[in-house]
Amino acid sequence: MDGILALAAGNLLSPIILFFALGLLASFARSDLSIPEAIAKGMSIYLLVSIGFKGGVSVSDHGIDSTLLLSLLAGLILSFTIPLIAFALLRTMTRLDVTDAAAVAAHYGSISIVTFVAATSVIGSAGLSSEGYMVAVAAVMEAPAILSALWLIARYGKTGPEMEEGLMREILLNGSIVLLVGSFLIGWITGAEGMDKIAPFIVAPFQGVLCLFLLDMGLVAGRGLREARSVLTPGVFLFGVIMPPIGASLGLVAGLLLGLSTGGVVLFMTLCASASYIAVPAAMRVALPEANPSVYLTLSLGVTFPFNLTLGIPLYLAVASLVTGA
Amino acid sequence: MDGILALAAGNLLSPIILFFALGLLASFARSDLSIPEAIAKGMSIYLLVSIGFKGGVSVSDHGIDSTLLLSLLAGLILSFTIPLIAFALLRTMTRLDVTDAAAVAAHYGSISIVTFVAATSVIGSAGLSSEGYMVAVAAVMEAPAILSALWLIARYGKTGPEMEEGLMREILLNGSIVLLVGSFLIGWITGAEGMDKIAPFIVAPFQGVLCLFLLDMGLVAGRGLREARSVLTPGVFLFGVIMPPIGASLGLVAGLLLGLSTGGVVLFMTLCASASYIAVPAAMRVALPEANPSVYLTLSLGVTFPFNLTLGIPLYLAVASLVTGA
Amino acid sequence: MDGILALAAGNLLSPIILFFALGLLASFARSDLSIPEAIAKGMSIYLLVSIGFKGGVSVSDHGIDSTLLLSLLAGLILSFTIPLIAFALLRTMTRLDVTDAAAVAAHYGSISIVTFVAATSVIGSAGLSSEGYMVAVAAVMEAPAILSALWLIARYGKTGPEMEEGLMREILLNGSIVLLVGSFLIGWITGAEGMDKIAPFIVAPFQGVLCLFLLDMGLVAGRGLREARSVLTPGVFLFGVIMPPIGASLGLVAGLLLGLSTGGVVLFMTLCASASYIAVPAAMRVALPEANPSVYLTLSLGVTFPFNLTLGIPLYLAVASLVTGA
Amino acid sequence: MQTHKAKRVEITIEAVMETRLTNALIKAGVTGFTILPVLGGSGRSGQWSREGQVSRAGGMVSVVCIIRPDRLDGLLDAAFAVVERHIGVVTVTDCEVLRAERF
Amino acid sequence: MQTHKAKRVEITIEAVMETRLTNALIKAGVTGFTILPVLGGSGRSGQWSREGQVSRAGGMVSVVCIIRPDRLDGLLDAAFAVVERHIGVVTVTDCEVLRAERF
Amino acid sequence: MQTHKAKRVEITIEAVMETRLTNALIKAGVTGFTILPVLGGSGRSGQWSREGQVSRAGGMVSVVCIIRPDRLDGLLDAAFAVVERHIGVVTVTDCEVLRAERF
Ligand SMILES: Nc1ncnc2c1ncn2[C@@H]1O[C@H](COP(=O)(O)O)[C@@H](O)[C@H]1O
Ligand SMILES: Nc1ncnc2c1ncn2[C@@H]1O[C@H](COP(=O)(O)O)[C@@H](O)[C@H]1O
Ligand SMILES: Nc1ncnc2c1ncn2[C@@H]1O[C@H](COP(=O)(O)O)[C@@H](O)[C@H]1O
Ligand code: NA
Ligand code: NA
Ligand code: NA
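Chains as they are written, first to last, in the working numbering: chain A, 15 to 340; chain B, 15 to 340; chain C, 15 to 340; chain D, 113 to 215; chain E, 113 to 215; chain F, 113 to 215.
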């Protein structure tokens, strides 16, 4: 337990978290500091390629676990299910209408890849490793939640969602899924030999790029919080910190049933606990234009993301260690 | 021969090619994946500086070969000549008019620096090295082909090309030539000592950046192919895969006459086989605005570039090895 | 002395300087070479984070020197004072009016972080080290000079400066100060452990990125010189090369009084000798819109920056070594 | 120099809707448009900026169509069908063009 | 399709003044504007370009407001107070808008 | 607020022709213009986008000139000479400007 507390404290003082805090503070203080959009996108592409590729290489090293397919299935089911829980909770805890509640719910069924990366970092520091294919699980969990949200609207809403032909393909083929899955496959195919060639680019600078990316996320989250304070009613805020542990519990159960390693369980918990802020918001703007973006973006990026980054991940690690006896 | 086949297969499954394929597929599937223009340009600058600098350092290490000047001269002559062959072939094989045929021809006399880099990679994997000044040969071959195209138009076309004063300076001083030559000279001047300082930036991440750049080229090539399918008549397509080996044969003869190393011969073949997609298209838009850009861009980036990347380079390596007995 | 001359010569042929020269030449020759704005900004962010972080780690390694606070104070005072000297000189040597003279003066009281980095590089090559907190001194010296300039206008000018409420906060919280100070603190907090994690990003590629950044500065400086030749009267130009040694002398005295290491003295001299080209120009556009930007930008970026880079820094190193007997 | 009357339609719309809008325009027979980037803005749904953003949500583009006056109504109908449920601004300005045969 | 008369005001101003201008507009009751990036330009104070720049000095943005004709004067007064001592260009064009209730 | 009649000329032209156009404008006595970036577009020569591009070919920019009405013809002649053989669009709109002495 002491080790865990030390880890949690160490986590809070890691460069990653401190750069996020710097961005948040700079934004609150209305500094003109900003990262160009192209650079932010470039870093995001780099991070996706890097973790996809590393996951693929790891699978190529260790072979496919018999649980790979089951894990993908579990991820799929959880991504479909979590929005339903989130929706029920939101309708109880907050005054959000059906549209806003469904839109928020979609975000929590989907995942945040940066939170996933931060968790990988933390379990690494704790000397644990994890199944390489968790990256594929992450990819699989990106989109289904969107469908659940649309179903919720169709079921409980007044006006239906805008279900045009193109939308489903657009969701499944959005840039982050393609990059993650594509790099995963390339890593799998090229294996250790491919890794040797590009490790100085893909592995070595990773933590540093992550710091800059989190600086940017802090800046963007801070701007969002500053401008959307009004939507953060106590109920909404509370949801943002209660939902992650709920999701994590589901991930814990799934991870244990699947027999994942302790590290793998932590990652599964983190995936379930995290909320999307890239793919789902874009899908919501197309399918649910009436939903208020400041609500879901502020919750996801301004509340749940920092919660997971600072308290959530160490908590999930502590619980998973306790339960698996690692 | 077996070794060559294995190399060709290995080449097809290298990260570089797979990332290009990923871009192509993503684009065909109409994914919204895209690389910001600024990032693509930044990577292109990085690659040019890196290969220029490495070439210069290599020349500073090994001293100037007596064949340096002769190689430059050979490059110059080939860049002037190849468009004439390409033009004749195009007028025979396709229905392109004089303007379009001349514009396409200019691209094949010039070079693609990324194809050159990929070839460097392949000969490296085969345990061969090459003359550092091949980078300078590449730079020398960028522009002359443009003049040949303009001469073809003036000779065979109805309306002349737009030969304003500024154009020639603009072509010779275009960004990629300046970067390539400038970095080459800086590498030459600063030598091994300069290399020590910047190797972690210039050398280590090179292959990784190249992967991302090829992802981008796949995306752009795919978009081009999708939108310009109609211009790709069988004749035009055939030209795109027949012209590279023809160019490569000329490069082979030149390389042998010059007495280059096997690796050097492969690079010379690759330069002659490759087609420009940066400098020449821009020059064509100025000087031959009537030429249809989808024809030359689709051919160069959508047909010849992937051909060289996948089949061409291993073929040139096989032939050069056979002939030089390496 | 011989060693110093060799160092100066070596400095002139270092990749950094040569890339700056390449940019300058490309720009004079009107090449279309350019670095996208987003990439230039990205590199600038990278450099600021890197030097801030390294400074912080160094302070965490060596503990706080008792002279830290005194050095900050000295920096503050010098940044306030130098503009007054610069202003007097400008009014004597040139025909600039009060507004232009005050605006230029502000630039010389502030600092150029890239000049600082180049000096760090040079003292490193000379086998010297320096106090890590010099980065904090640099941050402290960014803004005060702006206030001095506004005071000069209020005192000697016809129309007062535009002193709105927001301006002071904007100046103190401008992006480069926030990044520099923030990364310094993060480096301090996370220390060697944090450094281990991100060194492959923060340290290894630093010199290479610096080369590209100087290429960009050469391009921008060259464009400025080309377009603003007319403002560079002999008096103005002379000021641009005389003011740096004057500032450096003040820095020398301060550094000696503070008892800094030889390397630290060189850095202090460089800070005093260098002129801002990022934060101060922006502040001047807000507060002194009547001042002619081509005067201060051309002087700072086109004259003083290259002077310090090529001759100034080796000179300051020679003098500091002589005086401290290193 | 000979100029001809035309309409300049400018549609500022969310980036995620760009392809939907341009597809609708093409379907409605619009043969030319130009897409301008937008850095930020403000409206009833608050202030926004592209700085540091990685998601395509929360960004807009501006689609400019120059069109013969008699084709305006078709264009507006097509555009409106896409914009209807979404935030965005549609303006129409009178203008003159060179080379009318192009429109 | 039903359109309504409005004014399109375009203010090209230095990037460092952007927030000051938009704050002044908001204060003057302007409820919507869109900010377009500007690559470069030329004027009495010379030619400039954003290429390779890292400072916010020496760059401009274009702020576009669509506004009901009766609110134009308030907007222009507010804008002019900010622009007055600074370089920049203010133009006003007549236009028609869809969905007038938005303005 | 006192405004003055002016013309707003917007020339959308290939990026490779930008300097040629602005040089021609300056030669024709045009003293001010602003260059806007363009992300993509569509016309008779097909659809294009700047995304991921590294070549300057296949990209456009938009050059905006505000000009006194009596100088319009000179500007259009100069612009047309450059645009003539190239793809691109030239539009002219009536507008009002503040600070007429600047034009
Ligand atoms: N009156 C206006 N003038 C210019 N742009 C506007 C105006 N109203 C809205 N916009 C743009 O349209 C976006 C969405 O507007 P809204 O739906 O009012 O939030 C804003 O963020 C602006 O970019
Ligand atoms: N007549 C004009 N038309 C369009 N833009 C202009 C005009 N005059 C000035 N500008 C823009 O405003 C900036 C500053 O103008 P100036 O104050 O004349 O130097 C220029 O760099 C252009 O971007
Ligand atoms: N009617 C139009 N409205 C707006 N932009 C246009 C129009 N026609 C052409 N353009 C722009 O000009 C470019 C070249 O047009 P074109 O020569 O018709 O291929 C297009 O890609 C668009 O960016
Ligand atoms: Na989740
Ligand atoms: Na060739
Ligand atoms: Na100084």
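Beta carbons: idealized from backbone N, C-alpha and C, even for Gly.
The beta-carbon distance between Pro-97(C) and Ser-144(C), rounded to whole angstroms, is 25 Å. This is too long to meet the 8 Å contact definition.
Cβ atoms of Phe-319(B) and Ser-126(B) come within 8 Å of each other, at about 6 Å. When DSSP reads this structure, Met-172(E) sits in a beta bridge with Glu-126(E). In this structure, Ile-138(F) is the residue among Ile-138(F), Val-128(F), Thr-115(F), Met-113(F) with its C-alpha nearest to the C-alpha of Ala-191(F).
With a threshold of 7 Å between beta carbons, Pro-149(D) makes contact with chain F. Those residues of the segment 40–69 of chain A placed with their C-beta closer than 8 Å to a C-beta in chain C are Ala-40, Ala-43, Arg-44, Ser-45, Asp-46, Leu-47, Ser-48, Ile-49, Pro-50, Glu-51, Ala-52, Ile-53, Gly-56, ordered along the chain. Contact of Phe-227(A) with chain B is not assigned, every C-beta pair being separated by 7 Å or more.
In this structure Ala-168(C) is exposed. Its beta-carbon is surrounded by fewer than 16 other beta-carbon atoms within 10 angstroms. In the structure shown, His-116(F) adopts extended strand secondary structure according to DSSP, grouped into three states.
Here Gly-141(E) carries a coil assignment [DSSP, helix/strand/coil]. Taking Ala-297(B) as the centre and dropping the five residues before and after it, the same chain places the C-beta of Ile-160, Ile-185 closer than 6 Å to its C-beta, in chain order. For the segment 168–179 of chain F, the beta-carbon criterion of a distance under 8 Å to any beta-carbon of chain D is satisfied by Met-172, Ser-174. Contact between Gly-171(C) and Thr-113(C) holds: their C-beta atoms lie close to 6 Å from each other, under 8 Å. Between the segment 219–239 of chain B and the segment 212–232 of chain A, the count of Cβ pairs shorter than 8 Å is three or higher; the stretches touch. Within chain E, the residues Val-209, Leu-210, Arg-211 have their CB atoms less than 8 Å from the CB of Val-202(D), given in chain order. Not a single C-beta of chain E is nearer than 7 Å to the C-beta of Arg-162(F).
Nearest to Tyr-122(B) by alpha-carbon distance, out of Arg-105(B), Tyr-147(B), Phe-94(B), Met-107(B), is Phe-94(B).
Ser-161(E) sits in a strand when the DSSP states are folded into three classes.
When C-alpha distances from Tyr-147(A) are compared across Asn-306(A), Thr-324(A), Ser-275(A), the shortest belongs to Ser-275(A).
Scanning chain F for C-beta atoms nearer than 8 Å to the C-beta of Arg-156(E) yields Thr-143, Gly-144, Arg-214, reported in chain order. When DSSP states are grouped into helix, strand and coil, Thr-324(B) belongs to the helix group. Contact of Phe-215(A) with chain B is assigned, a C-beta pair being separated by under 7 Å.
With respect to Gly-66(C), Leu-239(C) sits apart: the two C-beta atoms are not nearer than 7 Å. Bridge partners of Asp-206(E) according to DSSP: Lys-119(E). Taking the Cβ of Ser-174(D) as the reference point, every heavy atom of ligand 3 lies at 6 Å or farther away. Where Ser-48(A) is concerned, there is no enclosing alpha helix (DSSP H), because DSSP gives it neither an H nor an E. Secondary structure of Val-201(F) (DSSP, three-state): strand.
By the C-beta criterion, the segment 44–56 of chain B is judged to be in contact with the segment 162–169 of chain F, since at least 3 inter-stretch pairs fall below 8 Å. At least 7 Å separates the beta-carbon of Leu-224(A) from that of Ile-78(A).
For Cys-286(A), the Cβ falls inside the 6 Å cut-off from some heavy atom of ligand 4. For the segment 198–211 of chain C, the set of residues with a beta-carbon nearer than 7 Å to any beta-carbon of chain A comprises Ile-200, Ile-203, Thr-204, Gly-208, Lys-211, in chain order. Pro-149(E) is bridged by DSSP to Val-173(E).
Placement of the Cβ of Phe-215(D) at a distance of less than 6 Å from at least one heavy atom of ligand 3 is found. Note on geometry: alpha-carbon atoms of Leu-199(C) and Gly-153(E) lie some 40 Å from one another.
Between the segment 170–183 of chain E and the segment 143–153 of chain E, the count of Cβ pairs shorter than 8 Å is three or higher; the stretches touch. Residue contact check for Val-192(B) against chain C: a CB pair falls below 7 Å.
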